[in-house]
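Read top to bottom, the protein sequences are chains A and B.
Numbering of the first sequence is given in our numbering, commencing with residue 106 and proceeding in unit increments.
Numbering of the second sequence is given in our numbering, commencing with residue 22 and proceeding in unit increments.
Here's the structure we're looking at; comments come further down.
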Amino acid sequence: MIAAHYPALQIVAPLIAAPLCVLLRRGTLAWLIAVAVSWLVFFIAIQLLQQVMASGPISYELGGWAAPWGIEYRIDSVNAFVLLIVSGISAVVAPYARATVAKEIPEDRHYLFYSAYLLCLTGLLGIVITGDAFNVFVFLEISSLSSYVLISLGKDRKALTAAYQYLVMGTIGATFFLIGVGLVYAMTGTLNMADIAVRLDAVENTRTVLAAFAFITVGLGLKLALFPLHLWLPNAYAYAPSAVTVFLAATATKVALYTMLRFVFTLFGADFALNVTFLAGFLMALAIVGVFAASITAIFQNNIKRMLAYSSVAQVGYMVLGVSFFSVTGLTGGIVHMFNHAMMKGALFMALGAVFYRLGTVHLDRMRGLGRQMPLTMFAFVIGGFSLIGLPLTVGFISKWYLILAALERGWWPIAGLVLLSSLLAVAYVWRVIEVAYFRDPPENHPKVTEAPLSLLVPMWILVLANIYFGIDTSLTIGVAERAAKSLLGLGG
Amino acid sequence: MTGELAIIAAILVPLIGAFLIAASHRHPNQREAATLVTATALFILVASLLSPVLAGQRPETTLWEIIPGISISLQAEPLGMVFALIASFLWIVTSVYSIGYMRGHHEKNQTRFYVCFAIALSSAIGVAFAGNMLTLFIFYEVLTLSTYPLVTHHGTDEARRGGRTYLGLLLFTSIAFQLLAMVWTWSVAGTLDFTPGGILAEHASPVVFATLFVLYMFGIGKAALMPFHRWLPAAMVAPTPVSALLHAVAVVKAGVFSVLKVTIYIFGVDSLARIGGSDIILYVAATTTILASIIALRQNNLKRRLAYSTISQLSYVVMAATLVNDFGILGGTLHVAMHAFGKITLFFCAGAILVAAHKTEVSQLNGIGRAMPWTMTAFTIGALSMIGLPPTAGFISKWYILLGALEADAMIIVGVLVLSTLLNAGYFLPIVYSAFFREPDTPAKHGEAPKTMVGAIGLCAGGTVLLFLFPGQILALAHMLIGNVP
Chain A
106 MIAAHYPALQ IVAPLIAAPL CVLLRRGTLA WLIAVAVSWL VFFIAIQLLQ QVMASGPISY
166 ELGGWAAPWG IEYRIDSVNA FVLLIVSGIS AVVAPYARAT VAKEIPEDRH YLFYSAYLLC
226 LTGLLGIVIT GDAFNVFVFL EISSLSSYVL ISLGKDRKAL TAAYQYLVMG TIGATFFLIG
286 VGLVYAMTGT LNMADIAVRL DAVENTRTVL AAFAFITVGL GLKLALFPLH LWLPNAYAYA
346 PSAVTVFLAA TATKVALYTM LRFVFTLFGA DFALNVTFLA GFLMALAIVG VFAASITAIF
406 QNNIKRMLAY SSVAQVGYMV LGVSFFSVTG LTGGIVHMFN HAMMKGALFM ALGAVFYRLG
466 TVHLDRMRGL GRQMPLTMFA FVIGGFSLIG LPLTVGFISK WYLILAALER GWWPIAGLVL
526 LSSLLAVAYV WRVIEVAYFR DPPENHPKVT EAPLSLLVPM WILVLANIYF GIDTSLTIGV
586 AERAAKSLLG LGG
Chain B
22 MTGELAIIAA ILVPLIGAFL IAASHRHPNQ REAATLVTAT ALFILVASLL SPVLAGQRPE
82 TTLWEIIPGI SISLQAEPLG MVFALIASFL WIVTSVYSIG YMRGHHEKNQ TRFYVCFAIA
142 LSSAIGVAFA GNMLTLFIFY EVLTLSTYPL VTHHGTDEAR RGGRTYLGLL LFTSIAFQLL
202 AMVWTWSVAG TLDFTPGGIL AEHASPVVFA TLFVLYMFGI GKAALMPFHR WLPAAMVAPT
262 PVSALLHAVA VVKAGVFSVL KVTIYIFGVD SLARIGGSDI ILYVAATTTI LASIIALRQN
322 NLKRRLAYST ISQLSYVVMA ATLVNDFGIL GGTLHVAMHA FGKITLFFCA GAILVAAHKT
382 EVSQLNGIGR AMPWTMTAFT IGALSMIGLP PTAGFISKWY ILLGALEADA MIIVGVLVLS
442 TLLNAGYFLP IVYSAFFREP DTPAKHGEAP KTMVGAIGLC AGGTVLLFLF PGQILALAHM
502 LIGNVP
């Protein structure tokens with residue numbers, strides 16, 4: 106039965122497709138492969154999620170080697186959901202990539218682009234699916250190295266420095282993570298996550314474990330772009346090719362957050378994180394300061410991709426805030442916001458990609474009057490913006506609801522107030538764009554532009570409609586997120 | 022048609038209308054016909070709900086769960102009926118009026134205008150028939166967003182600035198206060214359904230109860246309580262039909278309607294009277310009434326004067342609600358309807374003066390009554406209704422609010438009502454006087470505005486008088502709210 110091997114296929118398919126693209130050396134073929142593989146992994150992710158929701162966690166022994174010696178892929182409601190996010194985004198980004206890549210990247214490098222893209226996809230999926238701590242590191246490096254390549258392919262020369270910056274920060278993060286995993290291994294003698302979880306209890310109060318915990322959280326904090334470890338992100342997102350920005354913004358930080366959730370809750374355990382360390386309070390403070398600092402910075406950006414990048418840092422703050430409540434409602438909010446933020450940022454960056462496709466820039470000043478020239482693209486931006494603000498009938502509202510509810514459940518109403526105030530900052534930076542696009546006349550000395558081609562509009566509007574659909578019908582997202590939250594807190598599910 | 026279907030249809034019909042309007046953007050006559058047909062259909066739908074509601078039924082329908090435990094649900098109850106009836110009837114009149122205005126004034130982007138108008142009406146009806154707080158909040162926000170393009174219709178810098186204030190204040194209050202209050206209510210009470218008698222009293226401590234009340238009242242920014250009132254004058258950059266229907270009826274009445282709805286169905290009048298918490302808002306509303314009237318006195322721009330008058334009149338409703346007794350609820354509910362007719366008449370007149378005479382300032386209106394006798398007669402009727410004199414509708418609602426204040430032994434409020442009446446007279450009667458009895462500064466070269474506009478004005482002014490003579494149905498609906506079966 107092929108279905109039994111879905112977990113392996115999820116990783117093997119993109120992993121094999123990547124070198125295949127290099128061998129074929131043809132941009133169009135490589136693109137077709139990328140699309141086909143993305144749709145395949147999306148299909149598998151849906152199957153896996155259904156299976157997990159129906160009959161509980163799946164354990165898959167790679168190569169038939171039993172855990173804890175062999176590598177185990179372990180899928181429960183938490184990572185099945187993240188697999189769905191990553192593969193789903195890839196399924197819309199891959200078709201979207203063709204036009205923007207053709208415009209932004211020299212033709213002789215197209216096949217390399219798709220090859221790196223597939224590797225990045227492999228890495229992200231791998232981090233999520235694996236049940237082996239060292240394997241996480243391996244996939245982390247695969248995804249990171251390929252994303253440095255992808256970012257450096259950006260048209261602007263600043264893309265190179267941005268990629269370099271990311272490389273340095275990313276390597277530090279990965280190294281910290283590896284040190285942490287090494288310390289854990291030294292204390293437990295195993296790399297299998299489920300096994301670590303059992304054995305850590307006995308050595309929980311040692312300094313080594315505490316140090317391991319610190320290394321792992323800081324290392325992942327870097328990959329997550331948790332304030333104040335976010336400095337690599339704005340440039341990386343701003344100068345990467347459009348399709349890469351969409352893909353990374355919608356998936357990379359979510360995967361890092363997932364990894365953090367997995368290590369903090371499953372391996373170390375919520376009790377350890379709460380009782381032994383000050384993690385909860387610390388994360389909450391960073392999250393809130395991060396939300397405000399990044400949102401305020403976003404208001405002053407004139408490069409709109411950068412503006413949204415800062416907004417991403419703020420949104421990471423919301424996710425971490427949800428986690429830091431250490432309650433079912435809070436975690437549900439944090440996890441569902443991973444999904445919701447992928448939808449909104451995916452849609453917004455796709456709209457910007459279309460603007461870049463036509464204008465060759467996403468500078469606010471050049472976007473004057475764009476509301477008339479590219480009505481569908483800009484309307485997509487408006488709805489994405491509404492979602493970012495958290496207006497009702499969009500996914501953003503659902504996330505906000507859970508975050509506020511989690512704060513009020515704990516009786517921390519000032520936190521609830523801060524969350525609400527921060528969404529008003531989103532109004533400020535979203536409305537700057539809307540005013541310029543709809544109230545200003547187009548610049549005179551530039552040629553008129555027309556609406557983006559369908560190959561960009563269709564994926565963009567799929568995500569826009571997803572923003573609305575999952576804001577109205579939350580049975581899938583909240584259903585899975587709540588179950589994932591319960592399972593992370595050890596309350597079944 | 023069953024009541025459940027009629028409610029859903031009432032929300033869908035304007036949306037379908039919006040599509041039809043957008044589809045016929047190349048054929049203005051067809052487009053305007055679509056608006057009129059939609060408006061009429063909506064009114065018929067709403068009116069068809071009147072007799073079941075008066076018979077004591079509460080047609081309701083639950084659509085789907087949006088967050089586990091909270092659904093989109095709709096229900097027709099007496100208060101919502103008052104609001105829906107007024108809004109849908111006045112939409113017909115406004116549509117007739119706008120056709121004359123928009124063409125007479127050569128406005129651009131008329132299709133967008135009518136589309137947004139239809140969406141705004143759909144959301145106003147949604148607010149009216151919301152069966153729980155979340156549903157109300159959703160439609161409330163859609164109403165804010167769909168009216169933003171109407172406020173900024175002219176696309177000038179002034180419009181952009183006005184739009185900023187409009188959207189900024191309405192979003193700020195609704196997100197920072199109303200949403201917080203709503204989630205808080207949910208976490209305390211475990212339900213958001215509008216229930217006669219309220220849902221909070223057994224679950225919330227007195228402090229939380231009172232805090233929530235204040236949060237809701239300021240959170241409903243559309244009720245324009247000071248200091249969150251500035252969006253209303255800012256919205257006056259909009260074309261006059263927008264100011265008339267939306268900022269005298271649909272939007273602002275959605276605000277005070279929500280105030281009444283929350284007071285009656287979330288907190289419960291009896292619980293509020295017992296536990297307290299409404300006093301602060303009572304005095305905020307009283308202050309708003311007086312201050313807004315004083316500001317209105319000093320406005321030379323006619324529409325701005327009307328806007329400040331609206332702010333002060335909206336606070337009547339808030340005061341009435343926060344008196345927390347039966348007469349207060351009666352008076353507040355009636356005032357939603359009565360003020361709507363009077364104020365829309367006044368705005369229509371302001372628009373007619375703009376279109377026919379190209380005048381916007383109060384100081385330019387000397388002797389205008391001779392050139393525009395119909396318009397200025399209607400203006401006088403509207404002004405009398407604002408002051409609260411018979412034979413106009415404003416008298417009835419003011420009467421009940423006064424009774425409410427007396428019953429509550431709130432002599433300060435009685436004083437505020439008297440003073441505000443004088444102030445109203447102070448800023449409306451001079452306009453009437455100079456229009457009819459002063460010599461024109463320059464001989465008038467214009468007559469009345471286009472016939473459709475004058476017709477609409479006549480209808481509204483007539484309605485203001487008719488509501489005084491026959492308040493029966495509205496009064497019956499209001500009585501149901503305080504438990505009196507007609």
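All residues carry an ideal CB built from backbone N, CA and C; glycine is no exception.
Between the alpha carbons of residue 504 of chain B and residue 69 of chain B lies a distance of about 22 Å. Between the alpha carbons of residue 460 of chain A and residue 551 of chain A lies a distance of about 14 Å.
With the criterion set as a beta carbon lying under 8 Å from some beta carbon of chain B, the members of the segment 502-524 of chain A are 503, 505, 506, 509, 510, 513, 514, 518, 521 and 522, in sequence order. Beyond the five residues adjoining it in sequence on each side, residue 564 of chain A comes within less than 8 Å, by CB distance, of 197, 198, 200, 201 and 455 in the same chain, given in chain order. Annotated three-state conformation of residue 214 of chain B is strand, per DSSP. Taking a contact as a CB-CB distance under 8 Å, the pair residue 189 of chain A and residue 151 of chain A counts as one, their CB atoms being some 7 Å apart.
Looking at the backbone, the Cα of residue 586 of chain A and that of residue 123 of chain A are separated by about 32 Å.
Taking every protein chain shown into account, the CB of residue 217 of chain B has fewer than 16 other CB atoms within 10 angstroms, so this residue is exposed. The continuous alpha helix (DSSP H) containing residue 529 of chain A extends over residues 518-544. Cα atoms of residue 166 of chain A and residue 237 of chain A: separation of roughly 11 Å, rounded to the nearest angstrom. In its chain, beyond the 5 residues on either side, 84, 85, 87 and 156 have a beta carbon closer than 7 Å to the beta carbon of residue 93 of chain B. Against chain B, a Cβ distance below 9 Å from residue 577 of chain A picks out 85, 87 and 93. Boundaries of the alpha helix (DSSP H) around residue 347 of chain A: 347-366. Relative to the Cα of residue 130 of chain B, the nearest Cα in the group B/146, B/383 and B/173 belongs to B/173.
Measuring C-alpha to C-alpha distances from residue 135 of chain A to each of A/349, A/420 and A/215 identifies A/215 as the nearest.
Minimum Cα-Cα distance from residue 144 of chain A among the listed residues A/159, A/114 and A/128 corresponds to A/114. For residue 396 of chain A, no chain B residue has a C-beta closer than 7 Å to its own C-beta; the minimum C-beta separation is roughly 15 Å. Below 8 Å, enough C-beta pairs join the segment 470-477 of chain B and the segment 119-133 of chain B to call them touching: three or more. In the three-state reduction of the DSSP assignment, residue 179 of chain A falls in the strand class, which pools E and B. Its chain contains 295, 297 and 300 as the residues whose beta carbon lies nearer than 7 Å to that of residue 173 of chain A, once the 5 sequence neighbours on both sides are disregarded; these appear in chain order. Distance between residue 538 of chain A and residue 472 of chain A, taken at the CA atoms: about 8 Å. When Cβ-Cβ separations below 9 Å define contact, residue 247 of chain A makes no contact with chain B.
Taking a Cβ-Cβ cut-off of 9 Å, residue 225 of chain B has no neighbours in chain A, whose nearest Cβ is about 12 Å from it.
Within chain A, the residues whose beta carbon sits less than 9 Å from that of residue 158 of chain B are 497, listed in sequence order.
The beta carbon of residue 382 of chain B sits no closer than 9 Å to any beta carbon of chain A.
Put simply, the CB of residue 426 of chain A is far from chain B, with every gap to its CB atoms at 9 Å or more.
Taking 9 Å as the CB threshold, residue 584 of chain A lines the interface with chain B. At the C-beta level, residue 524 of chain A and residue 498 of chain A stay beyond 9 Å of one another. Here residue 548 of chain A is exposed. Its C-beta has fewer than 16 other C-beta atoms within 10 Å.
With 16 or more other Cβ atoms inside 10 Å of its own Cβ, residue 250 of chain B counts as buried. Distance check between residue 293 of chain B and each of B/363, B/72, B/274 and B/349 places B/349 closest, using alpha-carbon atoms only. Using a Cβ-Cβ cut-off of 9 Å, residue 491 of chain A counts as an interface residue toward chain B, since at least one Cβ of chain B sits closer than that to its own. Cβ proximity to chain B below 7 Å picks out 540 and 544 from the segment 539-552 of chain A. Secondary structure of residue 224 of chain B (DSSP, three-state): coil. Per DSSP, reduced to three states, the secondary structure at residue 85 of chain B is strand.
Taking a C-beta cut-off of 7 Å against chain B, none of the residues of the segment 399-425 of chain A qualify.
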